[in-house]
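One gets the numbering used here by counting positions in the sequence shown from 1 and adding 52 to each.
Ideal Cβ positions, reconstructed from N, Cα and C, are used throughout, including at glycine.
Note sheet for the following structure.
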Amino acid sequence: MQALDRGHTAIVADLQSSIKDELCLAFLGFGGAVFEVKPSQGASARVQLSKDLAWLSETDRAQLKDLIGLGSFYQTLSPFCSPQHCFTSKNSATRQALSDGLSEVLHVYREAILEVQQRCRHSTTLHITALHVYLERFKTLMPALAHLVHHITEKDLQGCQILHALANLARQSTAEVAACTTRLQWHCFQPLRKHVLAWMLHGELYEGTADFFVSYKHEGSLQQQGTDAGSENAGKAARLDWPKDRRKWHNFRVDHSALPPGMSSETAAGILFVGQVAWLHRKGAATAGDRASFRPVAPWSQAAANEVAAMFNADCYDGPRLGRCVAAARIQAAGVLWGMLVEGGQLQAHLQALKAFYLGGSGDFLAAFLHQVKKIEQHSPGPNTTALLVEAWQEARAASTAAADPLLDKFKIELPMHKAANPDAHLHERLSAAAQKAPKSLAAPAYDSWDGLRLKYTAEEPINQIIPDTVVKKYNVTWQLLAQMSIWQHHHMLSYILNCLLKYFQTDVVDVQSCLFGQRMAAMDTLGGAQRAHAHFIDTVTAHAFLDEPKVMEAISGVLVQCRALSSMVQYWSHTPAGAARNQGIQVKEALANLLGALKTLQGMSRSRAPSLGTLVSSLELCIAGQ
């Protein structure tokens, strides 16, 4: 009997020795005779205890089963940290950074398993309870991290999506997991730190990666122009020939869905603006042949670099602190941009060109051009209209003082062909189009198929910061109104009325507001102030020209229609029925009365336009009374 007991004891001792030998391998996800590896529905196989170990008590079996589950979680995490996974991670530096952080955790875990192995070798019995106590910290950490990796892999998360997943894990976990997550967040914020510093300080944008919220929106075939950032170079800094960089300021944008947790939209917009100025500063230096542009650094570099690096290198990302740093850098960047506008951008020359060609400041050029257009507009627009307009533009340039203006080349005359319609078709619908628009929209009077005639102007960087496309559209609709008035003045139809309107538009609106705007710009020393002053100027011009008042524009349209009807009647007088002239005169008077009524209503509602509007109303009253 004693021999049997000794034999059973020896068998148990051998089994315990086998368990100790295989236990460390099981903690790393490998099986053997005692621990088996079986497939599962998760991201990796499950390590299970063999059913042949009947001598183990239910308590020991449950505790061992709980412990060896760590091996399953290790097998989920280990492939994510492998070089093969990093190579196929779609150029996501954030996933690579997370892999580096998890490698640190797995290193600590393996060190703990080696310690377990040493303890097992120096112990005659297997103390499962002691192992539970020693590995307690990993019992909550490893499942949480394995679930995180499985979620990232299954959803194919990239960039800020990983940062948001980490933030969610930190909020919903224990203190042990939260501390580990903080360290992983530090790793994952490092690629973002590199992107932010490269963009804010050097104007360099890493394209083809989901790790940064600033991107460039390419326009059609321009996608490869100025940059070699293709699929093979994704995630790398674009190697640019800076003097030939064709990218545009307004095509840089912020993807708000790619913002990291804790970063406000205002901070992201500030980073975008500072980087745009750095990009423009570097591009300008390269264009000017500055050899220092090969290693460009923005003027605010030292302070911003130190501050941004300190925040991203801190144990915990501080969003509000970064926001304050970006706000300070934005102020400095705005100052640099203003200096570029005033010193090298010829801002005053561009503003003078806008007044000269959009607002009739160069009177002889506008008169010469309209004289040429008079020959063309006698016919409906056709396929050759654009070429004829360009020819008229060039002839007017040669015959006026505008020939000496170097900025005239930036203006182009065009007539979109979708505007070319039968001038008599659905005229009453087109006359009421202005009234159907929103009260704050701008529209010149609707008249005929030449309504779409427009003057195109494109400002380059950095001038387009003061003269963006939205402002150019306001200039253009003002030019359309002046051109219509001038064309009909050339026709000598109701010349007194049109002279009154033109005098008001040109003298009381354009000249007066240009003088006030010039005084403001002379005292201006900031970019923001200049932007607001210019926006106020063109808004005041369009408002005082009634372009935001659909009823006034509709009334002017009615006057123009009656002008054309009267012109046709005079031209074909021999075919005019008896009494038609009298009826046409009544309609002309009604059209003028409608215009006068609309202006009087506006005069009573807005005192800001007096006394200029009052003078115009008085002139129109005298005209109507004299008919």
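Classification of residue i by the beta-carbon crowding that lies within 10 angstroms, buried from 16 upward
i, result
"residue 400", "exposed"
"residue 711", "Residue 711 falls outside the range modelled here, since the chain spans only 53 to 679, and no answer is possible."
"residue 688", "There is no way to answer for residue 688, as the model of the chain reaches only from 53 to 679."
"residue 574", "exposed"
"residue 254", "buried"
"residue 604", "buried"
"residue 392", "buried"
"residue 452", "buried"
"residue 185", "exposed"
"residue 174", "exposed"
"residue 657", "exposed"
"residue 584", "exposed"
"residue 493", "exposed"
"residue 517", "buried"
"residue 206", "exposed"
"residue 166", "exposed"
Spatial distance of residue i from residue j (CA atoms)
i, j, result
"residue 223", "residue 306", "27 angstroms"
"residue 436", "residue 427", "14 angstroms"
"residue 61", "residue 87", "Reliability of the predicted coordinates at residue 61 is poor, the pLDDT of 44 falling under 50, and no value is obtained from them."
"residue 515", "residue 215", "38 angstroms"
"residue 251", "residue 264", "10 angstroms"
"residue 596", "residue 422", "24 angstroms"
"residue 673", "residue 457", "41 angstroms"
"residue 569", "residue 446", "30 angstroms"
"residue 119", "residue 257", "47 angstroms"
"residue 402", "residue 616", "37 angstroms"
"residue 314", "residue 441", "55 angstroms"
"residue 614", "residue 409", "29 angstroms"
"residue 566", "residue 589", "8 angstroms"
"residue 249", "residue 364", "11 angstroms"
"residue 454", "residue 524", "20 angstroms"
"residue 79", "residue 309", "39 angstroms"
"residue 344", "residue 357", "Because the pLDDT at residue 344 is just 44, under 50, the model does not fix this residue reliably, and the value given afterwards should be weighed accordingly. Going by the C-alpha atoms only, they are around 19 angstroms apart."
"residue 390", "residue 577", "8 angstroms"
"residue 606", "residue 508", "25 angstroms"
"residue 287", "residue 319", "Only weak support is given to the placement of residue 287: the predicted model assigns it a pLDDT of 47, under 50, and the value that follows is read from those uncertain coordinates. Their backbone Cα atoms lie some 23 angstroms apart in a straight line."
"residue 563", "residue 527", "14 angstroms"
"residue 695", "residue 135", "Residue 695 is absent from the structure shown; the chain starts at 53 and stops at 679."
"residue 639", "residue 608", "13 angstroms"
"residue 387", "residue 321", "17 angstroms"
"residue 220", "residue 316", "18 angstroms"
"residue 270", "residue 512", "17 angstroms"
"residue 218", "residue 158", "17 angstroms"
"residue 82", "residue 333", "58 angstroms"
Contact set for residue i: own chain, Cβ-Cβ below 7 angstroms, skip 5 residues either direction
i, result
"residue 304", "266, 268, 324, 328"
"residue 192", "226, 228, 229"
"residue 581", "none"
"residue 459", "401, 402, 405"
"residue 368", "234"
"residue 331", "255"
"residue 247", "258, 263, 264"
"residue 462", "509, 510"
Heavy atom of the ligand SAM within 7 angstroms of residue i beta-carbon
i, result
"residue 221", "Among the components modelled here there is no ligand, and therefore nothing to report on the ligand SAM."
Neighbourhood of residue i by C-beta, 6 angstroms cutoff - its chain only, sequence neighbours within 5 removed
i, result
"residue 146", "211, 214, 240, 243, 263"
"residue 172", "72"
"residue 553", "537"
"residue 194", "122, 125"
"residue 464", "508"
"residue 592", "565"
Within-8 angstroms CB hit, residue i to chain D
i, result
"residue 378", "Absent here is chain D; the protein component of the structure consists of one chain."
Same chain, Cβ closer than 8 angstroms to residue i, five either side skipped, listed in chain order
i, result
"residue 154", "129, 132, 133, 197, 201, 236"
"residue 57", "Bear in mind that a pLDDT of 44 at residue 57, under 50, signals an unreliable position, so the number given afterwards is only what the model happens to contain. Excluding positions up to five away in sequence, the list is empty."
"residue 467", "433, 437, 438, 441, 502, 504, 505, 506"
"residue 647", "604, 607, 608, 610, 611, 672"
"residue 190", "122, 161, 164"
"residue 361", "245, 249"
"residue 664", "556, 560, 561, 564, 596"
"residue 667", "556, 560"
Quiz item: Between the region 552-559 and the region 527-534, are three or more C-beta pairs nearer than 8 angstroms?
Solution: yes
Exercise. Report yes or no: do the region 188-201 and the region 119-128 share at least 3 C-beta pairs separated by less than 8 angstroms?
Key: yes
Practice problem: Write down every uninterrupted run of the alpha helix (DSSP H) in the region 397-442 whose length is 4 residues or greater and which is fully enclosed by it, in chain order. | Solution: 399-410, 415-428
Quiz item: Contact between the region 371-389 and the region 496-504: three or more CB pairs below 8 angstroms?
Solution: no
Exercise. Can you check the region 493-571 for any alpha helix (DSSP H) of at least 4 residues that lies completely inside it and give the ranges in chain order?
Key: 521-542, 547-555
Quiz item: Which residue spans inside the region 218-271 form an unbroken beta strand (DSSP E) run of at least 3?
Solution: 266-268
Quiz item: In chain order, which continuous runs of the alpha helix (DSSP H) of length 4 or greater are located wholly inside the region 126-208?
Solution: 135-139, 145-173, 180-186, 188-207
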